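Each remark here refers to the structure printed beneath this line.
There are 2 protein chains.
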Amino acid sequence: MRVKSRKFTQLRNAHHREKAEDYVEMIQDLADQQGEARLTDVAKRFGVSTVTAHKILFRLQREKWITSKPYRAIFLTPRGKRLAMESKRRHKIVYQFLKKIGVPEEIAQIDAEGMEHHVSSETLKILRRRLKK
Amino acid sequence: MRVKSRKFTQLRNAHHREKAEDYVEMIQDLADQQGEARLTDVAKRFGVSTVTAHKILFRLQREKWITSKPYRAIFLTPRGKRLAMESKRRHKIVYQFLKKIGVPEEIAQIDAEGMEHHVSSETLKILRRRLKK
DNA sequence: TCTAAAATTTAGCCTTGGCTAAACTGGAGC
DNA sequence: GCTCCAGTTTAGCCAAGGCTAAATTTTAGA
Ligand SMILES: [Mn+2]
Ligand SMILES: [Mn+2]
Ligand SMILES: [Mn+2]
Ligand SMILES: [Mn+2]
Chain Y
0 MRVKSRKFTQ
10 LRNAHHREKA
20 EDYVEMIQDL
30 ADQQGEARLT
40 DVAKRFGVST
50 VTAHKILFRL
60 QREKWITSKP
70 YRAIFLTPRG
80 KRLAMESKRR
90 HKIVYQFLKK
100 IGVPEEIAQI
110 DAEGMEHHVS
120 SETLKILRRR
130 LKK
Chain S
0 MRVKSRKFTQ
10 LRNAHHREKA
20 EDYVEMIQDL
30 ADQQGEARLT
40 DVAKRFGVST
50 VTAHKILFRL
60 QREKWITSKP
70 YRAIFLTPRG
80 KRLAMESKRR
90 HKIVYQFLKK
100 IGVPEEIAQI
110 DAEGMEHHVS
120 SETLKILRRR
130 LKK
């Protein structure tokens, strides 16, 4: 009986992980594109205030996904790098799958940004297999 | 430039709508299955305390998705009924699509519970078309 | 070098959605 | 009709993630 509610519990957990996934992914992108990730750029790309971004980054530092010294750039920990790679891979597969079945690029981008966090590894495997065909 | 961040804004909006969608869907289910939706059953099915469910239902009432009198059952407004129907339809299509491409039932249930809220009407149309084939 | 602008941090506010403890109410059953 | 119990509500706590205003630090340019 209580098993019925498990999917909602997992949904709540997914939402807790979401911010971490999107942020480490973004930090990796910025490091690749600009050499380093700065708070201002992170905030700009997410469309939030620097204060909000700063608070989220503070939590991510506490949770050991990133490191940074006051007023300096942000770096991924090894653990953070791993999460970034996995997240980017998942993101790309979901996005490409959507495009493959005929979703317009812009819409695929929006949908993938949300869907990616709710795709299990089992489902991901199946999407990837379809993508290769 | 600021356009780049739109997908994240939409993601945040989707998360605000999520609880409303899942709750009205559940209220409709309970009404169908037990004649009426009671707070205790709603809380049980979501795996949260009655206090949490009560607070969420209070907000949904404020936002005119539901009505209820103190210590009484919960009812959907016309607007709430419409949202429940649309949500259930979207949920079903996503779930069935996942099963169709080979995702095991239990996993499809979990993934669909999260993914459904991030599937645009354009993507939904495409999933439905594939489902019919 | 010094100063002003830009970047970052801090303070303090709000809403949502979690929780436990405790109070209250309606109704079932004696 | 009364009692008591299950169901509901209220009070009060917490964390996350949104904001603006203000303080602080870094850095670029004259
Ligand atoms: Mn995302
Ligand atoms: Mn649903
Ligand atoms: Mn759902
Ligand atoms: Mn989500």
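Residue numbers (this note's numbering), protein chains in the order written: chain Y, 0 to 132; chain S, 0 to 132.
The C-beta atom is built at its ideal place from N, Cα and C for all residues, glycine as well.
All values reported here derive from a predicted model rather than from experimental measurement.
- Within the model, the alpha-carbon separation for Gly-34(S) versus Gln-27(S) is close to 10 Å.
- Shortest gap from the CB of His-90(Y) to any heavy atom of ligand 3: 7 Å or more.
- DSSP, read as helix, strand or coil, puts Ile-73(S) in strand.
- In the three-state reduction of the DSSP assignment, Ile-100(S) falls in the coil class, being assigned neither a helical nor a strand state.
- Arg-44(Y) is not a Cβ neighbour of Trp-64(Y), given a cutoff of 8 Å.
- Comparing C-alpha distances from Val-102(Y) to each of Gly-101(S), Arg-129(S) and Glu-85(S) shows the shortest one belongs to Arg-129(S).
- In this structure, Thr-49(S) places its C-beta atom within 8 Å of the C-beta atom of Thr-39(S).
- Taken in chain order, the complete alpha helix (DSSP H) segments of 4 or more residues contained in the segment 11-87 of chain S are 38-45 and 49-61.
- Leu-75(S) is outside the set of residues whose beta carbon lies under 8 Å from a beta carbon in chain Y.
- For Asp-31(S), no CB of chain Y lies under 8 Å from its own CB, so it is not counted at the interface with that chain.
- Nearest neighbour of His-15(S) by Cα position, chosen from Tyr-94(S), Lys-124(S) and His-117(S), turns out to be His-117(S).
- Of all residues in the segment 21-46 of chain Y, those with a C-beta nearer than 8 Å to a C-beta of chain S are Asp-21, Lys-43, Arg-44, Phe-45 and Gly-46, reading in chain order.
- Nearest C-alpha to Leu-97(S) among Ala-36(S), Ala-107(S), Arg-89(S) and Arg-37(S): Ala-107(S).
- The Cβ-Cβ distance between Ile-92(Y) and Leu-123(Y) falls below 8 Å.
- Among the residues facing chain S, Arg-129(Y) is included, as its CB has a counterpart in that chain under 8 Å away.
- The beta carbons of Ser-4(S) and Asp-110(Y) sit no closer together than 8 Å.
- Collapsing the DSSP output to three states places Lys-132(S) in coil.
- A straight-line Cα-Cα distance of about 53 Å links Asp-31(S) and Arg-37(Y).
- Rounded to the nearest angstrom, the Cβ distance from Met-25(Y) to Val-47(Y) is 11 Å, too far for a contact under 8 Å.
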